[in-house]
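Data first, discussion second: the structure below is written as structure tokens.
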Amino acid sequence: MMILIKNEMIKLFRRKKTYIVLIAFILLTAAICYGSFKMDENRKKYNNPEFKIKNLQESLNYMKRDKENVPQSIKDDANALEQYNKNIDANIERTENEINALKDAIASGSKEIDWRTQLKNEISAGEEQLKNSNIPDRYKAQQKLELSKKNYLLNNDIKPADEEFNGFNFVITLIRQLGSIFLAVGVIVFSTDIVSGECTPPTLKFLLIQPVSRTKVLLSKFISVVISAIVLIISVELLFMVIVGLWKGFGNANYPMFVDTLYQFDLSKVEGSGVHPLIQVAGSTHIITISQYLIRMFLLQILYIIACTSFAFLISSLFKSSMVSMGLSIVAVIALTVLVQGIPGLLKVAPFMFTSYGEITPLIDGTAAGAFQNPSITYTFGITVLIIWSVACYLISHFVFNKKDILI
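If you count the sequence shown from 1, position 73 lands on 91 in the numbering used here, and the numbers rise without skipping.
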């Protein structure tokens, strides 16, 4: 078996297509790295006190105009008018305090506002937003989670670093962006002709007279392409993480990450669409370090790569033409990703599609439940779906491959 796997690996790395896909993946990763760097530069620009004062002053002017131009719908409602003015006054006061704090920072020679003060302002703004009755409860659930994160950082005197451009944060961004569609397409292009490329009558007839079973031949192909895909993808990601880490720093390996948040339907409320909103299950969120978070991400990404490979393997077994199997696989993945999640009527089916778990992070932190409006979507559920898809696709391809042998 090991000899078969070795031979398949040699064949894979003798193909020009392997290196074309690898180079394309490296270039895509480099583009994402450059984009993340530019976003970090813009973030620093926007966090500059002078720039923030300008934006806050504009917001303050808008708020004052809103206070003067009361909506017609609440002019005759004393309670609504009082609440309207109260909310605007609170926002004006908070904005003025932020402006004063920024001016103090400039006077002290600081290039940015104290992160503790900024965090307090963000918490205050978030709490005010939660009081807004116009915001649907399903969005408030996410806001409450963000508030709990910020309160934890403030109470433990930990500087927020979620948006900083460093090694750990970059690889999280990279895995999330690759998982949207690029990773699945790349794996398909890499592996889709592994069977169809050899499903010619001479090859299959040759296999029939060999002492090695077709089961072992097919399994060796599957194992070799899975190992190759995982090693190439993870190696490039780790390489860029090290490059960014040496360039900008890796970040704090013990930085807290919030995961496994559970949700449930609030049966006491019904939204305009006729569904019950999701609310957090109190005390369900766990805190792990960013290094543990990365381990989870890589393990889940490996499962996703295996699922993509199994799917491509299945399509490759169904068609003799490599071009047909590749084209059909890419179209199928795009359709599963875009149509199932984009059409409201198919949203209930989306959690059972392996393509729904490419971005990974929503599954780890628990927000996938909100995206699918289904509290059953958890980290364990996603792993189960990926495993079932991997096993099912391989078993079907095994049956098809053996049947082709028999029909010769």
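We put the beta carbon where it would ideally sit given N, CA and C, even for glycine. For clarity, every value in this text was computed on a predicted model and none was experimentally measured.
Which residue from Ile324, Gln282, Asn65 and Leu256 puts its Cα closest to that of glutamate 240?
The residue labelled residue 240 in the question sits at position 222 within the sequence shown. The sequence given here places phenylalanine at residue 240; glutamate does not occur at that position. Of the listed residues, the one whose Cα sits closest to phenylalanine 240 is Ile324.
Between serine 242 and leucine 30, is the Cβ-Cβ spacing less than 8 Å?
Start at 1 with the first residue of the sequence shown, and residue 242 comes out as number 224. Start at 1 with the first residue of the sequence shown, and residue 30 comes out as number 12. Yes, the pair counts as a contact, with Cβ atoms nearer than the cut-off.
What separation, rounded to the nearest whole angstrom, lies between the Cα atoms of lysine 70 and threonine 135?
Here residue 70 refers to the residue found at position 52 when the sequence shown is read from its first residue. Here residue 135 refers to the residue found at position 117 when the sequence shown is read from its first residue. If I take the Cα positions, the gap works out to 14 Å.
Counting beta carbon pairs with one atom in the segment 195-210 and one in the segment 314-331, are three or more of them shorter than 8 Å?
They touch, by the three-pair rule.
Beta strand (DSSP E) containing phenylalanine 283: first to last residue?
Numbered from its first residue, the sequence shown carries residue 283 at position 265. Start and end: 281-283.
Buried or exposed for proline 295, please, with buried defined as at least 16 other CB atoms from any protein chain shown within 10 angstroms of its CB.
The residue given as residue 295 occupies position 277 in the sequence shown. Buried, because 16 or more other Cβ atoms sit within 10 Å of the Cβ of proline 295.
According to DSSP, what are the bridge partners of leucine 296?
Counting from 1 along the sequence shown, the entry for residue 296 is found at position 278. Phe283.
Could you have a look at threonine 307 and say whether DSSP puts it in helix, strand or coil?
As a first step, residue 307 is located in the sequence shown; it is residue number 289 there, counting from the start. If DSSP states are grouped into helix, strand and coil, threonine 307 belongs with the strands.
Can you give me the start and stop residues for the alpha helix (DSSP H) that phenylalanine 337 sits inside?
Counting from 1 along the sequence shown, the entry for residue 337 is found at position 319. No alpha helix (DSSP H) contains phenylalanine 337, which DSSP labels as neither H nor E.
Taking its Cβ as the centre, do 16 or more other Cβ atoms sit within 10 Å of glycine 301, making it buried, or is it exposed?
Along the sequence shown, read from residue 1 onward, the residue named residue 301 stands at position 283. Label assigned to glycine 301: exposed.
Locate the beta strand (DSSP E) running through proline 274, then write down its first and last residues.
In the sequence shown, residue 274 corresponds to position 256, counting from 1. Start and end: 274-277.
In whole angstroms, what is the alpha-carbon distance linking arginine 32 and alanine 42?
The count along the sequence shown starts at 1 and reaches residue 32 at position 14. The count along the sequence shown starts at 1 and reaches residue 42 at position 24. In a straight line, the C-alpha of arginine 32 is about 17 Å away from that of alanine 42.
Spell out a yes or no on whether the segment 265-280 and the segment 178-198 are touching, meaning 3 or more CB-CB pairs, one atom from each, closer than 8 Å.
Touching, yes.
Quick check: threonine 191 and alanine 330, are their CB atoms within less than 8 Å of each other?
The residue you call residue 191 lines up with position 173 of the sequence shown. The residue you call residue 330 lines up with position 312 of the sequence shown. Not a contact, by the Cβ cut-off of 8 Å.
Below 8 Å on the Cβ atoms is my contact criterion, and I expect valine 418 with leucine 336 to pass it. Report the Cβ-Cβ distance as a whole number of Å.
As a working note, residue 418 is residue 400 in the sequence shown. As a working note, residue 336 is residue 318 in the sequence shown. About 6 Å separates the two Cβ atoms, so the contact holds.
Within the continuous alpha helix (DSSP H) that includes glutamine 75, where are the two ends?
Start at 1 with the first residue of the sequence shown, and residue 75 comes out as number 57. From DSSP, the alpha helix (DSSP H) with glutamine 75 extends over 67-86.
Can you tell me whether threonine 210 is helix, strand or coil according to DSSP?
The residue labelled residue 210 in the question sits at position 192 within the sequence shown. Reduced to three states, the DSSP call for threonine 210 is coil.
The alpha helix (DSSP H) spanning asparagine 118 covers which residue range?
Reading the sequence shown from its first residue, position 100 is the one you call residue 118. Residues 96-125.
For glutamine 319, which three-state DSSP category applies?
Counting from one through the sequence shown, the residue named residue 319 turns up at place 301. Three-state DSSP puts glutamine 319 in a helix.
Between Ile348, Phe258 and Ile251, which lies nearest to threonine 36 when the distance is taken from Cα to Cα?
Mapped onto the sequence shown, residue 36 falls at position 18. Answer by Cα proximity: Ile251.
Does the beta-carbon distance from glutamine 147 to glutamine 160 come in below 8 Å?
Working through the sequence shown from its first residue, we reach residue 147 at position 129. Working through the sequence shown from its first residue, we reach residue 160 at position 142. Cβ atoms of glutamine 147 and glutamine 160: not closer than 8 Å.
Can you grab the Cα-Cα spacing for the pair asparagine 73 / aspartate 122, in whole Å?
Here residue 73 refers to the residue found at position 55 of the sequence shown. Here residue 122 refers to the residue found at position 104 of the sequence shown. Asparagine 73 and aspartate 122: Cα-Cα distance of roughly 17 Å.
In chain order, what residues of the same chain lie with their CB nearer than 6 Å to the CB of serine 408, ignoring the 5 residues before and after it?
As a first step, residue 408 is located in the sequence shown; it is residue number 390 there, counting from the start. Counting only Cβ-Cβ distances below 6 Å, and skipping sequence neighbours, we find Ile324, Ala325 and Ser328.
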